[in-house]
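Quick mapping for you: the protein sequence lines, in order, are chains P and U.
Every letter in the first sequence is one number past the one before it in UniProt numbering, and letter 96, counting from 1, is 96.
Every letter in the second sequence is one number past the one before it in UniProt numbering, and letter 16, counting from 1, is 16.
We put the beta carbon where it would ideally sit given N, CA and C, even for glycine.
There are 2 protein chains.
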Amino acid sequence: MKESALCPRLSKAMELVGKRWTALIIYQLLEGPQRFNAIESALPISGRLLSERLKELEKEGIVERKVFSEVPIRVEYNLTKKGQSLEQTVREIENWAKSWL
Amino acid sequence: MKESALCPRLSKAMELVGKRWTALIIYQLLEGPQRFNAIESALPISGRLLSERLKELEKEGIVERKVFSEVPIRVEYNLTKKGQSLEQTVREIENWAKSWL
DNA sequence: GTAAGCTACTTACTTTTCGTAATCTATAAA
DNA sequence: TTTATAGATTACGAAAAGTAAGTAGCTTAC
Chain P
1 MKESALCPRL SKAMELVGKR WTALIIYQLL EGPQRFNAIE SALPISGRLL SERLKELEKE
61 GIVERKVFSE VPIRVEYNLT KKGQSLEQTV REIENWAKSW L
Chain U
1 MKESALCPRL SKAMELVGKR WTALIIYQLL EGPQRFNAIE SALPISGRLL SERLKELEKE
61 GIVERKVFSE VPIRVEYNLT KKGQSLEQTV REIENWAKSW L
């Protein structure tokens, strides 16, 4: 996607947070660290996309991945500081939705 | 897209505002009423998609379409109250972007 | 009177992303 | 050897986005 000349930052933010499922994944992780299956169950998202999104978010430094070498394997995801800083933003969207949808 | 059992409102809001280009179109319209070509020039969006998005936003009551039967024809788009109510939300995303991107 | 120009779309076509379901990896217990 | 579990990957058809050309209605220029 080309960048908006208007506001590159907002453009970049929307490219990231506005991507399908991303905001909902972050919203879910605001509850605390969670495993792959827990997130998958909480949202109507498929494993394929969840895996893809989590990788993107990890790459952006928004989500942290922690592997526990148990049997069976356990993997937890949690928000980094950068990820937590999105709480206000997500809440603001939520509030708007409560008032207007 | 299926609805999130977790938070249907946030889900609905993201479906709307999180759609590609939508937030940027609203951001642009916060400057005041604008014509089709003006929006198209301000953003790296194609006429095809801009037309599609404006229709969606009009249907959701976020944008108002006003036709002036001049020559050549003039069409202006502006935010409704519901649309204006998104200002805080968009600014919040912008602020986050300024701090973290 | 026909050709060209303006604005706001619309259509046809290609590329990218999404959604669903099946499959894979590693480990251990039955 | 088969089964089970968690996390992830792959294959493929469907949907959405991107690109570029075309349309409609009206005006002015030639």
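Locate the alpha helix (DSSP H) running through U:V75, then write down its first and last residues. By one-based count along the second sequence, residue 75 of chain U stands at place 75. Not the alpha helix (DSSP H): U:V75 falls in the beta strand (DSSP E), residues R74 to L79.
Chain P beta carbons: is any one of them nearer than 8 Å to that of U:G18? The count along the second sequence starts at 1 and reaches residue 18 of chain U at position 18. Yes, contact with chain P.
Report the residues of the region 33 to 67 of chain U with a CB closer than 8 Å to any CB of chain P, ordered along the chain. A42, L43 and P44
Give me the Cβ distance between U:E58 and U:G47, rounded to the nearest whole Å; I'm assuming they're in contact under 8 Å. For the purposes of this step, residue 58 of chain U is taken as the residue at position 58 of the second sequence. For the purposes of this step, residue 47 of chain U is taken as the residue at position 47 of the second sequence. Contact doesn't hold; Cβ gap of about 16 Å is too wide.
Cβ pair count under 8 Å reaching 3, the region 12 to 23 of chain P against the region 83 to 101 of chain P: yes
Pull up the distance between the alpha-carbon of U:A23 and that of U:G83, whole angstroms please. Here residue 23 of chain U refers to the residue found at position 23 when the second sequence is read from its first residue. Here residue 83 of chain U refers to the residue found at position 83 when the second sequence is read from its first residue. Their backbone Cα atoms lie some 10 Å apart in a straight line.
Backbone CA spacing between U:R9 and U:K81 [nearest angstrom]: Residue numbering aside, residue 9 of chain U sits at position 9 when the second sequence is read from its first letter. Residue numbering aside, residue 81 of chain U sits at position 81 when the second sequence is read from its first letter. Cα to Cα, U:R9 sits roughly 19 Å from U:K81.
Does the distance from the CB of U:V75 to the CB of U:V63 come in under 8 Å? Position 75 of the second sequence holds residue 75 of chain U. Position 63 of the second sequence holds residue 63 of chain U. Result no, Cβ atoms of U:V75 and U:V63 do not sit closer than 8 Å.
Could you check whether P:L79 and U:L43 sit closer than 8 Å to each other, using their CB atoms as the reference points? As a first step, residue 43 of chain U must be located in the second sequence, where it is residue number 43. As a first step, residue 79 of chain P must be located in the first sequence, where it is residue number 79. Taking 8 Å as the Cβ cut-off, U:L43 and P:L79 do not qualify as a contacting pair.
Beta-carbon contacts of P:I45 that lie in its chain and below 7 Å, excluding the five residues immediately before and after: Taking the first sequence and counting its residues from 1, one reaches residue 45 of chain P at position 45. Here the set comprises W21.
Mind checking if P:L6 is an interface residue toward chain U, Cβ cutoff 8 Å exclusive? The sequence position of residue 6 of chain P within the first sequence is 6, counting from 1. For P:L6, the answer is yes, since a Cβ of chain U falls inside 8 Å of its Cβ.
Quick check on the burial criterion: 16 or more other C-beta atoms within 10 angstroms. Buried or exposed for U:L30? By one-based count along the second sequence, residue 30 of chain U stands at place 30. Flag for U:L30 reads exposed.
Just checking my contact of P:K12 with U:L101 at CB under 8 Å: how many whole Å lie between their CB atoms? Counted from its first residue, the first sequence places residue 12 of chain P at position 12. Counted from its first residue, the second sequence places residue 101 of chain U at position 101. Rounded, the Cβ-Cβ distance is 5 Å, consistent with contact.
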